[in-house]
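Numbered per mature numbering (1 follows the signal peptide of the UniProt record, and there is no 0), the sequence shown spans residues -19 to -1, 1 to 267. Glycine is no exception: its CB is placed at the ideal position from the N, C-alpha and C atoms.
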Amino acid sequence: MDYKAGLLVFITLLIGSFAFPTLEETAFYDEDDVSMFFDQTDVNARIVGGTPAAIGGHPHMVAMTSGAVVRSFHCGASLISQRTVLTAAHCIDAVFREGVILSTFRLNIGSNLWNGGTDYEVARNYTHPNWYRPTIKEDIGVLITATEVALSSAVQPVPLTYDYIGGEVEAVIAGWGRVRAGGAISRQLLELRTKTLDGADCMIHVARASINLNSNAPHIDSRCEICTLHSPGLGNCNGDSGSALRRVTDGHQIGIVSWGFPCALGAPDMFVRVSYYQDWLRSVIV
């Protein structure tokens, strides 16, 4: 047995020895922030170390917002057809009250400012039937707009790729949010380049992060999840959930921001693996 294989066996046993926390123990929210990040989370930080995105650089970006008088930002999402928006299942959960979607819920599309584009109403939604909230697995859903989204240079669907993504793939993530703890929410879209880890390396880094940060985490399933890792001070954080992870070489979407550890402390960020859901996506895309 080689070193990595032996280490993986040890890590699998180690992670299995952790008692999985309940959602209430692990997820941290404010009323406008529904991302899932674990223990010691700074809920005031989001894409950490990111830079302002170029105008038109992410024409697929969608902001999920609500509010009758004052609009609140909930999550990111991506336009994948003229009526279909892809996001995380837990982001869809957050805009329901007593089983009914919020009457003021809208999808804001077409601007680098999260409330600067055109609002679209949602006709219906689909959450993956195997979405399991306690361990944040199958965290994928789509929203269908009531009318077609008007396309332009600032609004374009992002192509999905069903290629299996391994390690060392250069990727880019964009999102809205605060750039420092305690600061005001940034209305400007931020972006960050990162790289994927292969499944084995992801498990190793997650186990180390769980120990070093004294945090519990769900098990890693590399069939349906993608892992990225940047240096400390750079990474995803609360508020980025639902946003697209795209491959740099062709701009195709490979993942959806799902969950992670304390923000930008050198621990992995976790994404839904788009390719795993090829059949389901083809059945719900309009």
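Could you tell me if G249 is buried or exposed, where buried requires 16 or more neighbouring beta carbons within 10 angstroms of its beta carbon?
-> According to the sequence displayed, residue 249 carries Pro and not Gly. Buried, because 16 or more other Cβ atoms sit within 10 Å of the Cβ of P249.
Distance between Y145 and R263 (C-alpha atoms, nearest Å) | When rounded, the distance between both Cα atoms is 17 angstroms.
When the Cα of Y107 is compared with those of A70, L178, Y113, which residue comes out closest?
-> Among A70, L178, Y113, the Cα nearest to that of Y107 belongs to A70.
Beta-carbon separation of residue 273 and G48 under 7 angstroms?
-> There is simply no residue 273 to check, as the chain begins at -19 and stops at 267 in what is shown.
Selected residue, minimal CA-CA separation from F77, among R254, M45, A58, L194 = When the alpha-carbon of F77 is set against those of R254, M45, A58, L194, the nearest one is in M45.
Is DSSP giving L262 helix, strand or coil here?
-> L262 sits in a helix when the DSSP states are folded into three classes.
For I(-5), the three-state DSSP class (helix, strand or coil) | Any reading at I(-5) needs caution, since the residue's pLDDT is 44, under 50, leaving its predicted position unreliable; the model's value is listed next. Here I(-5) carries a helix assignment [DSSP, helix/strand/coil].
Whole-number beta carbon distance between N89 and Q169, since they are thought to touch under 8 angstroms = That pair is no contact at about 14 angstroms.
Skipping 5 residues on each side, what residues in its chain have a beta carbon closer than 6 angstroms to that of G91?
-> The beta carbon of G91 sits closer than 6 angstroms to those of G98, T99, A135, V136, all from its chain and outside the five residues before and after it, given in chain order.
Chain-order list of residues whose beta-carbon lies under 6 angstroms from that of L124 (same chain, five-residue window excluded) = Only V66, V103, N106 meet the Cβ criterion.
Between the CA atoms of V50 and L60 - distance to the nearest angstrom = Between the C-alpha atoms of L60 and V50 there is a straight-line separation of about 26 angstroms.
How should G31 be labelled, buried or exposed, when 16 other C-beta atoms within 10 angstroms of its C-beta is the threshold for buried?
-> The residue is buried, with at least 16 neighbouring Cβ atoms inside 10 Å.
Taking G180 as part of the beta strand (DSSP E), name the residues at either end of that continuous run.
-> For G180, there is no enclosing beta strand (DSSP E); the enclosing alpha helix (DSSP H) has its first and last residue at 180 to 193.
7 angstroms CB neighbourhood of D120 in its chain, flanking five on each side removed | Contacts found: A69, A70, H71, W112, S239, V253.
In three-state DSSP terms, what is V253?
-> In the structure shown, the three-state DSSP call for V253 is strand.
Which listed residue (S133, G57, F54, D182) has its alpha carbon closest to that of L210 = Among S133, G57, F54, D182, the Cα nearest to that of L210 belongs to D182.
Alpha carbon of T175 to alpha carbon of G232, nearest angstrom = Roughly 14 angstroms between the two C-alpha positions.
When you compare each of V139, V267, D221 to I235 by their alpha carbons, which one comes out closest?
-> Scanning V139, V267, D221 for the CA closest to the CA of I235 turns up V139.
Taking C-alpha atoms, which residue in Y143, G156, Q63, E79 lies nearest to V130?
-> Measuring from the Cα of V130, the nearest candidate turns out to be Q63.
From L141 to R228, what distance separates their C-alpha atoms?
-> Looking at the two C-alpha atoms, the distance is approximately 10 angstroms.
Would you identify the three-state DSSP class for A70, choosing helix, strand or coil?
-> Helix, per DSSP.
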